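Chemist:
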Amino acid sequence: MRLSGIHDAKRMLDVGGGSGAFSIAFAKTCPELRAEILDLGAVVPLAEEYIREAGLQNRVRVRPGDMRTADFGEGFDLVLLSAVCHMFGEDENRSLIQRCARALVPGGHLVIREFILQEDRAGPPHAALFALNMLVGTEHGNTYTEGEYRNWMEEADLGTITRPDPEGDVIVASKSD
Ligand SMILES: C[S@@+](CC[C@H](N)C(=O)[O-])C[C@H]1O[C@@H](n2cnc3c(N)ncnc32)[C@H](O)[C@@H]1O
51 MRLSGIHDAK RMLDVGGGSG AFSIAFAKTC PELRAEILDL GAVVPLAEEY IREAGLQNRV
111 RVRPGDMRTA DFGEGFDLVL LSAVCHMFGE DENRSLIQRC ARALVPGGHL VIREFILQED
171 RAGPPHAALF ALNMLVGTEH GNTYTEGEYR NWMEEADLGT ITRPDPEGDV IVASKSD
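Set out below in structure tokens:
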């Protein structure tokens, strides 16, 4: 999948980027991209090891922090929330998406990758089952519908919201110029 405006990104923030799998893949695909991973302190050494193995220490770095409170900084033309929003409740996601939007430059993109529920919340099965998993294992976690993500993105003043594959797990929004 090629998403316009994303392949030419120069600065990426990977919120809850974990092992760095996505930042590393993006950096390999986009030679001019510099990526910053924000994750909990305990995860930093692991991500750094993968980044070193990929030989990308000059372009991918990791910063410890709690995404619920951390200052994300600014000037990013791509912010990624991959497999993150399901950990949180509605208010936390609203706040998270607003802070991601503030970190973007005008014209920048927020990419959310998640299991996405259909609007009646009855499926698809993997997303509905994952909601159950979050109900049992977390305080406020859940899976959400495309409509909910759209509302949170719109509330954060993001526009041009698209789901490139209508049944896929990616939603993209952009910050107006
Ligand atoms: C399901 S993993 C997703 C990892 C990666 N984004 C991916 O898609 O492969 C969620 C990540 O969020 C991180 N995380 C959880 N709570 C966090 C918090 N409060 N602040 C920062 N990172 C957090 C975890 O350490 C983990 O790396």
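Going by this note's numbering, the letters in the sequence shown line up with residues 51 to 227, in that order.
Yeah, the Cβ is synthetic: ideal placement off N, Cα and C, and Gly gets one too.
Source: prediction; values computed, not measured.
Is DSSP giving R84 helix, strand or coil here?
Modeler: Within the sequence shown, numbered from 1, the residue matching residue 84 stands at position 34. Three-state DSSP puts R84 in a strand.
Chemist: Which two residues bound the contiguous beta strand (DSSP E) that contains F126?
Modeler: What you label residue 126 is simply residue 76 of the sequence shown in a count that begins at 1. Per DSSP, F126 belongs to the beta strand (DSSP E) from 126-132.
Chemist: Nearest to R149 by alpha carbon, out of V220, R163, V129, G139?
Modeler: On the sequence shown, residue 149 is found 99 positions in, with the first residue counted as 1. The candidate whose alpha carbon is nearest that of R149 is V129.
Chemist: Should M117 be counted as a contact of ligand 1 given a C-beta to heavy atom distance under 7 Å?
Modeler: Against the sequence shown, residue 117 aligns to sequence position 67. Yes, ligand 1 has a heavy atom inside 7 Å of this Cβ.
Chemist: Closer than 7 Å: is that where the CB of G218 sits relative to any heavy atom of ligand 1?
Modeler: Translated into positions along the sequence shown, residue 218 becomes position 168. Incorrect: G218 has no Cβ contact closer than 7 Å to ligand 1.
Chemist: In whole angstroms, what is the alpha-carbon distance linking C80 and L96?
Modeler: Working through the sequence shown from its first residue, we reach residue 80 at position 30. Working through the sequence shown from its first residue, we reach residue 96 at position 46. When rounded, the distance between both Cα atoms is 23 Å.
Chemist: S73 and A85: beta carbons closer than 8 Å?
Modeler: Sequence index remark: in the sequence shown, residue 73 carries index 23 (1-based). Sequence index remark: in the sequence shown, residue 85 carries index 35 (1-based). It is a contact, given that the beta carbons lie within the stated cut-off.
Chemist: Give the C-beta separation of R171 and D219 to the nearest angstrom, bearing in mind that I take them to be a contact with Cβ-Cβ under 8 Å.
Modeler: If you number the sequence shown from 1, residue 171 lands on position 121. If you number the sequence shown from 1, residue 219 lands on position 169. Incorrect: roughly 16 Å between the Cβ atoms, too far for contact.
Chemist: Examine the Cβ distances between the segment 124-139 and the segment 95-110 and report whether three or more of them are shorter than 8 Å.
Modeler: Too few Cβ pairs lie closer than 8 Å, so no.
Chemist: On a Cα-Cα basis, can you pick out the residue from G158, E82, R144, D89 that is closest to E204?
Modeler: The residue you call residue 204 lines up with position 154 of the sequence shown. Nearest C-alpha to E204: R144.
Chemist: If I'm right that E169 touches G197 with Cβ under 8 Å, what's the distance once you round it to whole angstroms?
Modeler: Position 119 of the sequence shown, counted from the start, is the residue given in the question as residue 169. Position 147 of the sequence shown, counted from the start, is the residue given in the question as residue 197. Right, their Cβ atoms sit about 6 Å apart.
Chemist: Does the distance between the C-beta of L88 and the nearest non-hydrogen atom of ligand 1 fall short of 7 Å?
Modeler: Start at 1 with the first residue of the sequence shown, and residue 88 comes out as number 38. Result yes, Cβ under 7 Å from ligand 1.
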